[in-house]
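Oh and the sequence shown: position 204 is 203 in numbering that gives the first Met the number 0, straight run, nothing missing.
Below you'll find the structure, written out as structure tokens, and then a few comments.
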Amino acid sequence: MSFPDIRPRRLRRTPAIRRLVEETRIAPSELVLPVFLKEGLTEPKPISSMPGVVQHTRESLLKAAHDAVSAGVGGLMLFGVPDDANKDETGSAGLDPEGILNVGLRDLRREFGDATVVMGDLCLDEFTSHGHCGVLAADGSVDNDATLEIYAEMAVAQAEAGAHMVGPSGMMDGQIGVVRRALDKAGHQDIGILAYSAKYAGAFYGPFREAVESTLQGDRRQYQQDPPNLREALREVDLDVAEGADIVMVKPALAYLDVIAAIRERVTVPVAAYQVSGEYAMVEAAAANGWIDRERVILESLTSIKRAGAQITLTYWASEVAGLLRG
Numbered sequence: 000m001s002f003p004d005i006r007p008r009r010l011r012r013t014p015a016i017r018r019l020v021e022e023t024r025i026a027p028s029e030l031v032l033p034v035f036l037k038e039g040l041t042e043p044k045p046i047s048s049m050p051g052v053v054q055h056t057r058e059s060l061l062k063a064a065h066d067a068v069s070a071g072v073g074g075l076m077l078f079g080v081p082d083d084a085n086k087d088e089t090g091s092a093g094l095d096p097e098g099i100l101n102v103g104l105r106d107l108r109r110e111f112g113d114a115t116v117v118m119g120d121l122c123l124d125e126f127t128s129h130g131h132c133g134v135l136a137a138d139g140s141v142d143n144d145a146t147l148e149i150y151a152e153m154a155v156a157q158a159e160a161g162a163h164m165v166g167p168s169g170m171m172d173g174q175i176g177v178v179r180r181a182l183d184k185a186g187h188q189d190i191g192i193l194a195y196s197a198k199y200a201g202a203f204y205g206p207f208r209e210a211v212e213s214t215l216q217g218d219r220r221q222y223q224q225d226p227p228n229l230r231e232a233l234r235e236v237d238l239d240v241a242e243g244a245d246i247v248m249v250k251p252a253l254a255y256l257d258v259i260a261a262i263r264e265r266v267t268v269p270v271a272a273y274q275v276s277g278e279y280a281m282v283e284a285a286a287a288n289g290w291i292d293r294e295r296v297i298l299e300s301l302t303s304i305k306r307a308g309a310q311i312t313l314t315y316w317a318s319e320v321a322g323l324l325r326g
């Protein structure tokens, strides 16, 4: 009987050997924690569709941020959730220096300085009464160019509040160039842009809508990408890099690993991915029913995103995973 001379199993024989030859490693510093700050709360409010995630008060936001930074998490992406009374047709609360998002950015920067990367979500959907990512034209469509004017002001407001990086996420044509020029003109040349370059109009965002108390009417298919399209994502990335994006991102992550890989091969800037609320909720629901090994699935999913080519991952498990990796 003939036996093989080459035995790949030799390198799987013990945990120590497997660690030695591991090709893809997640580091806490590559993780970014998305956090929600809700105007007017006196205590954190659980998000029912995202077990373990809450809408924060200003005080609980700082505590969660300290936990994340202490665990080695690389950054924080802040979403502001205003009172319904402060939402309007143009999302003006997103520009207000005393609006909840800019207040939160100021709190984080004051507390941490440059010890972490403070990021602000640059979009209007949380602040508009209609829930869309931009202002509406007379026919009910999102007016791309009118929206860009507001994004420019919003970017400067976030920079002045203390953001190290802004995250334009509305998928408006030309948004990166407009934001870059506005920041530079206002003297904020050092503020980075994390571009939501390939943001798909998929079905994985449901729990996020609860988290930001979205009032969306209709859907976002007229401006977010169609899930079947990959080459379109490459075009969007090319445009964003040409307009000055410092980092490009794919959102969602797990259903778009091929898009992440294709973009990684395309660009020399860092590539990020957003492990979105639906991905989080599905794992938590399955784990709560005892159907999966929760920690292993979390780590496996994040490893797949890193293996596909994402250098940075936004994930609601960032603090927990950082603790697991360090422990």
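No residue lacks a Cβ here, since even glycine has one placed at the ideal position from N, Cα and C.
Everything numeric in this text was worked out from a predicted model, so none of it was measured.
Could you compute how far the alpha carbon of residue i sits from the alpha carbon of residue j?
i, j, result
"F111", "S28", "15 Å"
"A67", "S318", "5 Å"
"M248", "S1", "50 Å"
"L301", "P81", "31 Å"
"V155", "S303", "35 Å"
"L135", "N143", "9 Å"
"A272", "R230", "17 Å"
"L331", "P7", "Since the first residue of the chain shown is 0 and the last is 326, residue 331 is not available in this structure."
"I262", "T41", "43 Å"
"G119", "T267", "23 Å"
"K44", "V53", "5 Å"
"E299", "Q157", "34 Å"
"Y255", "D172", "21 Å"
"G326", "S69", "13 Å"
"P206", "M153", "25 Å"
Relative to the C-alpha of residue i, which residue among the options is closest?
i, options, result
"T23", "K305, I149 and T267", "K305"
"A185", "L253, R57, G205 and A151", "A151"
"H328", "F126, I246 and G79", "Coverage of the chain is limited to positions 0 through 326, which leaves residue 328 absent and any answer about it impossible."
"G277", "V268, D4 and S48", "S48"
"I175", "D124, P227 and I246", "I246"
"E125", "L40, E88 and A63", "E88"
"H163", "A145, S140, H187 and M153", "H187"
"G98", "E299, L323, V296 and E159", "E159"
"G90", "P3, R9 and V141", "V141"
"D189", "P226, G243 and G205", "G243"
"M281", "P269, V270 and V296", "V296"
"R293", "L313, A307 and L323", "L323"
"L121", "L238, G191 and E235", "G191"
"Y195", "L94, A232 and R208", "A232"
"V117", "V31, I25, L253 and Q274", "V31"
If you count every other CB in all the chains shown that lies within 10 Å of the CB of residue i, and 16 or more means buried, which is it?
i, result
"K250", "buried"
"N288", "exposed"
"P167", "buried"
"G139", "exposed"
"W316", "buried"
"G51", "exposed"
"D257", "exposed"
"L10", "exposed"
"D113", "exposed"
"V20", "exposed"
With a floor of 3 residues, list each beta strand (DSSP E) that falls wholly inside the segment 199 to 287, ordered by position along the chain. Correct list: 246 to 250 and 270 to 273.
Jot down the residue ranges of each uninterrupted beta strand (DSSP E) in the segment 37 to 125, minimum 3 residues, whole runs only, in chain order. Secondary structure within the segment 37 to 125: the beta strand (DSSP E) runs of 3 or more consecutive residues, fully enclosed, are 53 to 55, 74 to 80 and 116 to 121 (chain order).
Any 3 or more C-beta pairs closer than 8 Å across the segment 45 to 63 and the segment 5 to 16: Fewer than three beta-carbon pairs drawn from the segment 45 to 63 and the segment 5 to 16 are found closer than 8 Å, and the two stretches are therefore not classed as touching.
Quick check for students: name the residue ranges of the alpha helix (DSSP H) that lie wholly in the segment 133 to 204, counting only runs of 4 or more. Runs of alpha helix (DSSP H) with 4 or more residues, each lying fully within the segment 133 to 204, are found at 143 to 160 and 174 to 184, listed in chain order.
Could you tell me whether the segment 94 to 107 touches the segment 25 to 42, using the rule of 3 or more Cβ pairs below 8 Å? The segment 94 to 107, when compared against the segment 25 to 42, does touch it at the 8 Å Cβ threshold.
Going residue by residue through the segment 0 to 41, where are the continuous alpha helix (DSSP H) segments of at least 4 residues, counting only ones entirely within it? Correct list: 14 to 19.
Counting pairs of beta carbons, one from the segment 220 to 235 and one from the segment 199 to 206, are three or more of them closer than 8 Å? Output reads yes: the segment 199 to 206 touches the segment 220 to 235.
Do three or more CB pairs link the segment 208 to 216 to the segment 121 to 131 at distances below 8 Å? Contact between the segment 208 to 216 and the segment 121 to 131 is present: three or more C-beta pairs spanning the two stretches fall below 8 Å.
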